[in-house]
Amino acid sequence: NIYEMAHNQPTLKAKEPLDVVGDVESLKAAMKGVGTDEDSIITILTTCSNYQRQLLGQHYHSKYKKDLISDLKKELSGYFEDIIVALMTPRVDYLAEELHHACKSKNGRVIVEILCTSENFFVRSLEQSYERLFDASLEESLTEATSGIFQQVMLKVVEAKRSTFFSEVFGRRIAC
Numbered sequence: 070n071i072y073e074m075a076h077n078q079p080t081l082k083a084k085e086p087l088d089v090v091g092d093v094e095s096l097k098a099a100m101k102g103v104g105t106d107e108d109s110i111i112t113i114l115t116t117c118s119n120y121q122r123q124l125l126g127q128h129y130h131s132k133y134k135k136d137l138i139s140d141l142k143k144e145l146s147g148y149f150e151d152i153i154v155a156l157m158t159p160r161v162d163y164l165a166e167e168l169h170h171a172c173k174s175k176n177g178r179v180i181v182e183i184l185c186t187s188e189n190f191f192v193r194s195l196e197q198s199y200e201r202l203f204d205a206s207l208e209e210s211l212t213e214a215t216s217g218i219f220q221q222v223m224l225k226v227v228e229a230k231r232s233t234f235f236s237e238v239f240g241r242r243i244a245c
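Residue numbering for the sequence shown is 70 to 245, as defined by our numbering.
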């Protein structure tokens, strides 16, 4: 499924097997009562992929009729909160947010890192996410944030029409 492909390129391996029900109950218990069991939150959320964390969030919402990220934010603070919220954010939304910040601060290095390392299908997903989150097109933001040849190149990258031949051939050679 394309959603899973676009959002499941973690640096961590997927947790096998994922105990959605047990993990959601453990997360709820970690936030219940006085104090927060930060170790449980860390253990659960750092041992699964982003896609699996999205499944946990969906199950949490269906079971408790509450948003897991909102509940985590109520319990956590500082950099720890920032890290956990980043872990819980779908990859495409997180990178769209980073692109938005990079465009606002005119940080070309971040723009290049995100756009030039993404496959065409993911760039298209980034565009959709960007528009949904910020009610603005990525192209408009890039046009405001960049100029000259750099702008031309970034706008071409966002068209998501790059040849995939090299990555397909390279991927087959690595696999053999």
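Yeah, the Cβ is synthetic: ideal placement off N, Cα and C, and Gly gets one too.
Keep in mind it's a predicted model, so treat the numbers as computed, not measured.
So, with DSSP's three-state summary, where would you put residue i?
| i | result |
| --- | --- |
| Arg193 | helix |
| Leu249 | Residue numbering for the chain in the displayed model covers 70 to 245; residue 249 lies beyond these limits and cannot be assessed. |
| Lys142 | helix |
| Glu85 | coil |
| Ser210 | helix |
| Lys134 | coil |
| His228 | In the sequence under discussion, the amino acid at residue 228 is Glu, which differs from the His named in the question. Coil, per DSSP. |
| Glu200 | helix |
| Glu188 | coil |
| Ser216 | coil |
| Val93 | helix |
What does a CB cutoff of less than 6 Å around residue i pick up in its chain, not counting 5 residues either side in sequence?
| i | result |
| --- | --- |
| Arg201 | none |
Leaving aside the five residues before and after residue i along the sequence, list all residues of the same chain whose C-beta is less than 8 Å from its C-beta, in chain order.
| i | result |
| --- | --- |
| Glu167 | Val179 and Ile183 |
| Ala244 | Low confidence applies here, because Ala244 scores a pLDDT of 48, under 50, leaving its location unreliable; read the following figure in that light. If we look at Ala244 and ignore the five residues flanking it on each side, it has no Cβ neighbours. |
| Val192 | Leu184, Val226, Val227 and Ala229 |
| Gly240 | Its pLDDT being 48, under 50, Gly240 is placed unreliably in this model, and the value from its coordinates should be taken loosely. Once the five neighbours on either side are set aside, Gly240 has no close Cβ partner at all. |
Could you please give the first and the last residue of the uninterrupted alpha helix (DSSP H) stretch that includes residue i?
| i | result |
| --- | --- |
| Met100 | Taken as a continuous stretch (DSSP letters only), Met100 belongs to no alpha helix (DSSP H), as it is neither H nor E. |
| Asp106 | Unbroken run through Asp106: none, as it is neither H nor E. |
| Asp38 | As shown, the chain starts at 70 and ends at 245. That puts residue 38 outside it, with no answer to give. |
| Glu117 | The question names Glu, yet the displayed sequence has Cys at residue 117. That residue, Cys117, is in no alpha helix (DSSP H); it is neither H nor E in DSSP. |
| Glu150 | Gly147 to Met157 |
| Glu182 | Gly177 to Cys185 |
Considering only the alpha carbon of each residue, which of the options lies closest to residue i?
| i | options | result |
| --- | --- | --- |
| Leu141 | Lys173, Lys175, Lys101 and Ala165 | Lys101 |
| Val103 | Glu144, Lys134, Ile110 and Leu124 | Glu144 |
| Ser131 | Ile113, Val89 and Cys185 | Val89 |
| Leu164 | Asn176, Lys173, Tyr148 and Ser198 | Ser198 |
| His170 | Asp108, Val226 and Ala214 | Ala214 |
| Ala153 | Cys117, Ile218, Gln221 and Glu188 | The question names Ala, but residue 153 is Ile in the sequence shown. When each option's Cα is compared against that of Ile153, the closest is Cys117. |
| Leu87 | Cys172, Glu150, Asp108 and Gln123 | Gln123 |
| Gln221 | Lys135, Lys173, Val181 and Phe149 | Val181 |
Is the separation between the beta-carbon of residue i and that of residue j shorter than 8 Å?
| i | j | result |
| --- | --- | --- |
| Asp92 | Leu125 | yes |
| Ser139 | Ile113 | no |
| Asn119 | Arg160 | yes |
| Phe203 | Gly177 | no |
| Leu224 | Leu211 | yes |
| Gln121 | Lys84 | yes |
| Lys97 | Tyr148 | no |
Using a Cβ-Cβ cut-off of 7 Å (strictly less than) and excluding sequence neighbours within five positions of residue i, which residues of its own chain qualify?
| i | result |
| --- | --- |
| Ser216 | none |
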